[in-house]
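Residue numbers are given in the UniProt record's numbering: position 160 of the sequence shown equals residue 160, and the series is strictly consecutive. No residue lacks a Cβ here, since even glycine has one placed at the ideal position from N, Cα and C. Taking it in order: structure first as structure tokens, then the write-up.
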Amino acid sequence: MSEIKTDSRTLMIANPGGGDTIGYLQKTIGQLPKNKKSIIVEFPCLGIPRIAYALGEEAVKIDKEKSMDQLLLDYDRNAPAEMSEYIYTKNDSSDYILMNPRSNPENPVTRRINSNSSLIELPLYLKNKLSSMYDYIFFVSQGTMIHPATLYGMKVADIIVFYSLSEIEFVNNYTFSKKSNEVFGIEKERLILFSATNHLQSNNIAIYTKHSELAKKISEIEPNVIQWSPRNSLKTGNENIGLIDPMDHLTLKYHLREAKTELSDLEMKNITSITERIRGQLAEGHLDDYVSSLTNEDKRQKIKYLIADMVRSITDFVFTMPITDVIEMVQKEITELGVIQEILDDPTISSIEINGPDQVIAEINGKDIHMEHIKFQGTEHLIQTIDKMLMPIGKPLSSNEPIIDANYRGFRICAVADNKHYSGVSGGHSLISIRKFPPNVYTDEECINYGNISLEGTEFLQFAIKMGANTLVAGGTNSGKTAKLLMFPQYVPKITRIISIEDSEELMYASKLQYKDYPNLPSLLVKNIEDKDKSYGIGKLVKATLRLKPSVLAIGEIRDEEAASEALIAMNTGHVIWTTIHANSAAEAAVRLLQLNGNTNAAAAQVAGSLDLILFQKRSKKTGVRVLMEISELISYKGTEEPVLNTIFKYNPTTQVLEFKNKIKSTSFLEKIQSEEPDEKEYHRWCEVEGI
1 MSEIKTDSRT LMIANPGGGD TIGYLQKTIG QLPKNKKSII VEFPCLGIPR
51 IAYALGEEAV KIDKEKSMDQ LLLDYDRNAP AEMSEYIYTK NDSSDYILMN
101 PRSNPENPVT RRINSNSSLI ELPLYLKNKL SSMYDYIFFV SQGTMIHPAT
151 LYGMKVADII VFYSLSEIEF VNNYTFSKKS NEVFGIEKER LILFSATNHL
201 QSNNIAIYTK HSELAKKISE IEPNVIQWSP RNSLKTGNEN IGLIDPMDHL
251 TLKYHLREAK TELSDLEMKN ITSITERIRG QLAEGHLDDY VSSLTNEDKR
301 QKIKYLIADM VRSITDFVFT MPITDVIEMV QKEITELGVI QEILDDPTIS
351 SIEINGPDQV IAEINGKDIH MEHIKFQGTE HLIQTIDKML MPIGKPLSSN
401 EPIIDANYRG FRICAVADNK HYSGVSGGHS LISIRKFPPN VYTDEECINY
451 GNISLEGTEF LQFAIKMGAN TLVAGGTNSG KTAKLLMFPQ YVPKITRIIS
501 IEDSEELMYA SKLQYKDYPN LPSLLVKNIE DKDKSYGIGK LVKATLRLKP
551 SVLAIGEIRD EEAASEALIA MNTGHVIWTT IHANSAAEAA VRLLQLNGNT
601 NAAAAQVAGS LDLILFQKRS KKTGVRVLME ISELISYKGT EEPVLNTIFK
651 YNPTTQVLEF KNKIKSTSFL EKIQSEEPDE KEYHRWCEVE GI
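Rendered as structure tokens:
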């Protein structure tokens, strides 16, 4: 048995007779010494959020995390936060711990806790914690003796003040005060009657009617010494949570629980159940952040906060271990991917290939590096990690679906099942490839410093894109085509309506940090289903987009005839097109685009008259740097086989510089530029002018 004694004063403010006491209580606090700190604590007995609404609009807006509801839930689960996390500070003489203003009295917080023990212990816990922070602690009760927090609040309070706002309330409170002394043994000296009506008088009992007199009495009272001993269990038997028979508690001493950290088999099973439930909630309500958390540390932290709230709100599982430990275990299970987490989080790593437990390859600054220090414990560990990685996406590997190619905002995952564990198609271990798409867009300065382009080349692109050039970015796989396309909105006015169309979420201009102030960047995504008539490929989306008043159509990649044909139609109807194509040179890109448009003389004339620029990118095998090798203008075709190009810039491998070669010559492109009324100096710099 131990004692708790504090220098602060704890008061229980009760009005079992009925009305709200907060206004009168504030008047009493106003009479206390000015250099003293006070806090008003609203008890959860009836679940009615009275005080917040009495305080005004600002208090009504408090988050549920900053409330008595959350404090009680956290304490019930043995995981209370720092007391400051629950305290609402208002610009007056007091702080507050308030009931959640949005709580539902029909489903009060007391129904979501495991045991009345939490309500019984709450007053002493609050007194113990708040006494080091405040000179006066005011417990505001909503209930009567049948409510555990009210009964035990009276037991620990130094003084109990029964506030009466009318004669009828006074009669009820007087009866309640007598019962508190005669039945429950609370000393008369600690029971005070206060009446808001000053004409009540009695020769037998003291009735306070002035706030100044009550404040003086509060200052003079001696602190109440509390006897307590550790409690060993969270349950007190079959009980009705939130209600007690006060007669059963006449002689009970105060108990405080001790947390157990040992985890039973049942608790492990419960944690698994909680984890699966929360995974479902995250997938249903927070899918973007959940998936992004795989490779984004900020998103992962947000998901951890959500998990903590979700765990605290689940009340159908009981643990002897602290709830903080449960939260940590669930967070780790859902958000962390073990040995590869560090390279997933590393912003300098753009792609990861995993070929086996000790075969992890990462691309760093354009070079593939064998990360020899990263090793899985074995095949089973690798498989578990792959399964966990695919969980947020909802596409598990199986023998029926041995290859998963999942594109999601921020990255792309391709997983291949092995033929031993999954009856898949990989002859060795299961494979996984991760390509990360950064949230920001490369700036011109970064590209110049990286070695992708020269300053002069950048200045030309700024001019050409601004003038409305239909631009095709060509290159092999992983050559930086999409990264180049992502830069183009920087060269046009922010209000420009740029609609992106793609089969994977790689462009998504509106999600990039540089374009957060661009209000006109909608995006469309391919939708493929078994019924082809109801599917929407790139070609069909391009056709539909022409009715959405686009200024620019940014097409992720042209792969098939329908997409190529619709892109050509869009260019011919005066829309600007930015797109990419797989090719090994600028000339090959021109040939490929023509082939996809029918490979006829008529198509050749249309393509040459519509497409303005071809940019060819290549990844250096030696350095890994993605270099812009060529910027060429499509002039015409010789028949349907040979494109006629005007090379404007060409990469010099000796000097490692993209060098200027020729000015713009195409009649159609020059006419387009002239219609944009360019700066005369810029026009003469980049455009071939007759007679000059």
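Nearest residue (CA-CA) to L507, options V526, I349, R592: V526
Unbroken stretches of the alpha helix (DSSP H), 4 residues or longer, contained in the region 565 to 602: 586 to 596
Simplified DSSP state of N400, which is helix, strand or coil: coil
Cβ-Cβ separation, N128 to V318 (assumed contact under 8 Å), whole Å: Actually they are not in contact, since the Cβ atoms of V318 and N128 sit about 24 Å apart, beyond 8 Å.
Within the region 367 to 428, ranges of the beta strand (DSSP E) (whole runs, at least 3 residues): 367 to 370, 403 to 408, 411 to 416
With 16 other Cβ atoms within 10 Å as the buried cut-off, status of H373: exposed
Limits of the unbroken alpha helix (DSSP H) element including L122: 116 to 130
Rounded separation between Q31 and L122 - CA only: 28 Å
Cα-Cα separation between D158 and L124, rounded to whole angstroms: 12 Å
Pairwise C-alpha distance: K216 and P80: 34 Å
7 Å CB neighbourhood of I221 in its chain, flanking five on each side removed: R9, D158, I159
Boundaries (first-last residue) of the alpha helix (DSSP H) holding R685: 680 to 686
For Y96, the residue or residues it bridges with in DSSP: I40, Y88
M12 - partner residues in DSSP beta bridges: F139, I160
Given I271 as reference, the closest of K332, S479, G537, Q301 once Cα atoms are compared: K332
Distance, K484 Cα to A604 Cα: 26 Å
Residues of its chain near G237, where Cβ-Cβ distance is below 7 Å and the 5 sequence neighbours each way are ignored: Note on G237: pLDDT 47, under 50, position unreliable in the model; no value is reported.
Given Q656 as reference, the closest of Y422, S675, L628, K534 once Cα atoms are compared: L628
Sequence ranges, alpha helix (DSSP H) only - wholly within the region 464 to 506, length at least 4: 481 to 487
Classification of S118 by the beta-carbon crowding that lies within 10 angstroms, buried from 16 upward: buried
For S620, the nearest candidate out of D560, S675, P493, Y450 (CA to CA): Y450
Segment contact flag, the region 466 to 474 with the region 668 to 683, C-beta cutoff 8 Å, min 3 pairs: yes
Simplified DSSP state of S675, which is helix, strand or coil: helix
Whole-angstrom C-beta distance between Q514 and N440, which should lie under 8 Å: 6 Å
Close Cβ partners of R112 (< 6 Å) along its chain, the five nearest in sequence each way excluded: T315
Candidates N104, I361, K27, K188, of which the one nearest R50 by Cα: N104
DSSP-derived helix/strand/coil call for A259: With a pLDDT of 42 at A259, under the threshold of 50, the predicted position of this residue should be treated as unreliable, and no value is reported.
Pick from S131, P16, I22, D74 that is closest to K36, judged by C-alpha positions: S131
DSSP beta-bridge partners of S636: V644
7 Å Cβ cutoff met for P357 and F376: yes
Meets three-Cβ-pair contact criterion under 8 Å: the region 488 to 506 and the region 589 to 599: no
The region 419 to 439 in contact with the region 516 to 534 per 3-pair CB rule at 8 Å: no
Exposed unless 16 or more other CB atoms sit within 10 angstroms - verdict on D418: buried
Proximal residues to E630 (C-beta, below 8 Å), its chain only, five neighbours per side dropped: S585, A586, I614, L615, F616, T647, F649, K650, Y651
E182, DSSP secondary structure in three states: helix
Chain-order list of residues whose beta-carbon lies under 8 Å from that of H575 (same chain, five-residue window excluded): L546, P550, S551, V552, L553
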